[in-house]
Amino acid sequence: MIHVLKKIIIGVIAVSFTVAVALFSVANRGPVTLDLWPLPMSREVPLFALILASVGFGILWGGFAAWLSAGAARSRAREANRRAEVTEDHLRHAEDRSARLEADLKELRAREKVSRDLIDAPSGQRLLVPTSNAVDAA
Numbered sequence: 020m021i022h023v024l025k026k027i028i029i030g031v032i033a034v035s036f037t038v039a040v041a042l043f044s045v046a047n048r049g050p051v052t053l054d055l056w057p058l059p060m061s062r063e064v065p066l067f068a069l070i071l072a073s074v075g076f077g078i079l080w081g082g083f084a085a086w087l088s089a090g091a092a093r094s095r096a097r098e099a100n101r102r103a104e105v106t107e108d109h110l111r112h113a114e115d116r117s118a119r120l121e122a123d124l125k126e127l128r129a130r131e132k133v134s135r136d137l138i139d140a141p142s143g144q145r146l147l148v149p150t151s152n153a154v155d156a157a
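Going from the sequence shown to the working numbering is simple: count from 1 and add 19.
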């Protein structure tokens with residue numbers, strides 16, 4: 020809903036701007052002599068063309084200046100993204116290592132329990148231990 024409303028507002032603004040430029044152009048059709056002083060060139064152009072070309076050039080120049088001034092921010096953002104990726108990679112490795120260590124700890128606790136059971140078993144009793152390394156108690 021908001022997306023559609025945004026498109027409608029942008030459309031209304033664009034149509035209004037186009038109508039304003041057209042009315043401005045019709046009202047300022049008179050010729051103006053454009054003299055590029057150091058050069059031996061002189062040309063008559065409609066006033067609206069000169070003004071609209073100047074506005075267009077100003078918009079392009081301003082956009083270029085804004086793009087240049089935002090270069091440092093873009094560079095900082097790229098560096099922050101690289102650091103975030105490295106940090107995420109370190110986190111993944113730490114989580115993997117933690118999972119392996121937890122599995123090792125669980126296995127060690129199970130072996131410790133088996134060892135305690137063997138120590139606590141009455142002498143002469145044979146215990147069957149379900150581990151990969153079968154332990155026989157005598």
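Yeah, the Cβ is synthetic: ideal placement off N, Cα and C, and Gly gets one too.
I70 and N47 look like a contact to me (Cβ under 8 angstroms); what is the Cβ gap, rounded to whole Å?
-> Here residue 70 refers to the residue found at position 51 of the sequence shown. Here residue 47 refers to the residue found at position 28 of the sequence shown. Yes, I70 and N47 are in contact; Cβ-Cβ is about 7 angstroms, under 8 angstroms.
Self-check item: DSSP three-state assignment for R62, whether helix, strand or coil
Solution: Residue 62 sits at position 43 when you count from the first residue of the sequence shown. Strand.
So, for P50: in the same chain, excluding its five sequence neighbours on each side, which residues have a beta-carbon less than 8 angstroms away from its beta-carbon? In the sequence shown, the residue the question calls residue 50 occupies position 31. Answer for P50: E63, V64, P65, L66, listed in chain order.
| Contacting residues, own chain, Cβ-Cβ under 8 angstroms from S73 (five flanking each side not counted) | If you number the sequence shown from 1, residue 73 lands on position 54. Hits under 8 angstroms: none found.
Self-check item: Own chain, CB closer than 6 angstroms to D155, minus 5 neighbours either side, in chain order
Solution: Against the sequence shown, residue 155 aligns to sequence position 136. Confidence in D155 is poor, its pLDDT being 47 and thus under 50, which makes the residue's placement too unreliable to answer from.
- Query: Would you call the CB atoms of S44 and D54 closer than 7 angstroms?
  - Reply: Translated into the one-based positions of the sequence shown, residue 44 becomes position 25. Translated into the one-based positions of the sequence shown, residue 54 becomes position 35. No, the pair does not count as a contact, with Cβ atoms beyond the cut-off.
*Go ahead and pull the three-state DSSP assignment for I28.*
Numbered from 1 along the sequence shown, position 9 holds the residue referred to as residue 28. Helix, per DSSP.
Q | Inter-residue Cα distance where the pair is R130 and L110 | A | Along the sequence shown, one-based indexing puts residue 130 at 111. Along the sequence shown, one-based indexing puts residue 110 at 91. If I take the Cα positions, the gap works out to 30 angstroms.
Original post:
Looking at the unbroken beta strand (DSSP E) that takes in P50, where does it start and where does it end?
Top reply: Residue mapping note: residue 50 aligns to position 31 of the sequence shown, counting from 1. Looking at the DSSP string, the run of the beta strand (DSSP E) that includes P50 is 50-55.
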